[in-house]
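Undergrad:
In my numbering, the protein residues as written are 223 to 421.
This is how it looks when you write it as structure tokens:
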């Protein structure tokens, strides 16, 4: 059985004035995808960028990098079509932000994107479980959403079981992002293999 570990730097920790160059640099350093944090100032207290910036970024970096949009917004239904048109590949919304996840999942698929479903640290994995067969990725937050550079919440480790890791400042702010990405891949792959061998 083949195992894989994918690393997606969160560009929230990047120099936003050099976003295109920063994203190209992350991909050149071995990132598998780019994690773009969209915040509306309501669902979380911070405010970042929206679909016009995503469209500009897609134009700057080309069609190949996979864009995972982490939608920390209070009305995720509102932004599905604009994000699809802007060039997003995956739309990851928060379970806590919608009363009808099933309809939202359907709308995202119909817009041509993959579906990600995120939960905050205080939301149980069991609340996500009913949707597991309908999504492409589950994002279990190990920090409170809204700000980059936070310390990993070690009590979230039992919820983890990941083969895709989002890392912000640890990668983006590193003197050697290539080495950090390689190390993360190795550690995750080793943990995945150990987990399956122990079964």
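We treat Cβ as the ideally placed atom computed from N, Cα and C, and that holds for glycine.
Quick one: Cα of residue 332 to Cα of residue 307, how far?
TA: Translated into positions along the chain shown, residue 332 becomes position 110. Translated into positions along the chain shown, residue 307 becomes position 85. In a straight line, the C-alpha of residue 332 is about 12 Å away from that of residue 307.
Undergrad: Is it true that the stretch 246–259 meets the stretch 228–235, where meeting means three or more beta-carbon pairs spaced less than 8 Å apart?
TA: Contact between the stretch 246–259 and the stretch 228–235 is present, because at least three Cβ pairs lie under 8 Å.
Undergrad: Just confirm the distance between the C-beta atoms of residue 291 and residue 319, as a whole number of angstroms; I'd bet it's less than 8 Å.
TA: For the purposes of this step, residue 291 is identified with residue 69 of the chain shown, where counting begins at 1. For the purposes of this step, residue 319 is identified with residue 97 of the chain shown, where counting begins at 1. Contact flag wrong, Cβ pair sits at about 13 Å.
Undergrad: Mind checking residue 373: buried by the 16 CB within 10 Å criterion, or exposed?
TA: Taking the chain shown and counting its residues from 1, one reaches residue 373 at position 151. The pLDDT assigned to residue 373 is 48, lower than 50, so where the model puts this residue is not dependable, and the model offers no usable value.
Undergrad: So what's residue 285 in DSSP terms, helix, strand or just coil?
TA: As a working mapping, residue 285 is identified with position 63 in the chain shown. DSSP places residue 285 in coil when its eight states are reduced to three.
Undergrad: With a 10 Å radius around its C-beta and 16 neighbouring C-beta atoms as the bar for buried, classify residue 375 as buried or exposed.
TA: What you label residue 375 is simply residue 153 of the chain shown in a count that begins at 1. Any reading at residue 375 is ruled out, since the residue's pLDDT is 41, under 50, leaving its predicted position unreliable.
Undergrad: Answer yes or no: do residue 283 and residue 242 have a C-beta to C-beta separation smaller than 8 Å?
TA: Locating residue 283 in the chain shown gives position 61, counting from the first residue. Locating residue 242 in the chain shown gives position 20, counting from the first residue. Closer than 8 Å, so yes.
Undergrad: When DSSP labels each residue in this structure, what does residue 227 get in the three-state scheme?
TA: Taking the chain shown and counting its residues from 1, one reaches residue 227 at position 5. Three-state DSSP puts residue 227 in coil, outside helix and strand.
Undergrad: Is there at least one non-hydrogen atom of the ligand COA closer than 7 Å to the beta-carbon of residue 261?
TA: Inclusion of the ligand COA in the displayed structure is not the case, the ligand content being empty and no account of it being possible.
Undergrad: Hey, quick one: how far does the alpha helix (DSSP H) through residue 361 stretch, first residue to last?
TA: In the chain shown, counting from the first residue as 1, residue 361 sits at position 139. From DSSP, residue 361 is part of no alpha helix (DSSP H) but of the beta strand (DSSP E) over 359–362.
Undergrad: Looking at the structure shown, is residue 338 part of a helix, part of a strand, or coil, going by DSSP?
TA: The residue you call residue 338 lines up with position 116 of the chain shown. Residue 338 falls in the strand class under three-state DSSP.
Undergrad: Grab me the residues of residue 338's own chain with a C-beta within less than 6 Å of its C-beta, minus the 5 sequence neighbours each way, in chain order.
TA: The residue given as residue 338 occupies position 116 in the chain shown. Contacts found: 312, 314, 359, 361.
Undergrad: Would you kindly report the start and end of the unbroken beta strand (DSSP E) that includes residue 388?
TA: Locating residue 388 in the chain shown gives position 166, counting from the first residue. First-last of the beta strand (DSSP E) with residue 388: 386–389.
Undergrad: Please say whether residue 271 and residue 294 have beta carbons closer to each other than 8 Å?
TA: The residue labelled residue 294 in the question sits at position 72 within the chain shown. The residue labelled residue 271 in the question sits at position 49 within the chain shown. Contact: no.
Undergrad: Taking the straight line between their C-alpha atoms, what separation do you get for residue 277 and residue 322?
TA: Taking the chain shown and counting its residues from 1, the one referred to as residue 277 is at position 55. Taking the chain shown and counting its residues from 1, the one referred to as residue 322 is at position 100. Straight-line Cα distance between these residues: approximately 27 Å.
Undergrad: Tell me the residue span of the beta strand (DSSP E) that contains residue 258.
TA: Along the chain shown, one-based indexing puts residue 258 at 36. Where residue 258 is concerned, the enclosing beta strand (DSSP E) stretches over 256–261.
Undergrad: How is residue 408 classed by DSSP in three states: helix, strand or coil?
TA: Translated into positions along the chain shown, residue 408 becomes position 186. Of the three classes helix, strand and coil, the one that applies to residue 408 here is helix, per DSSP.
Undergrad: Going by DSSP, what residues sit across from residue 269 in a beta bridge?
TA: Residue 269 sits at position 47 when you count from the first residue of the chain shown. 262, per the DSSP bridge assignment.
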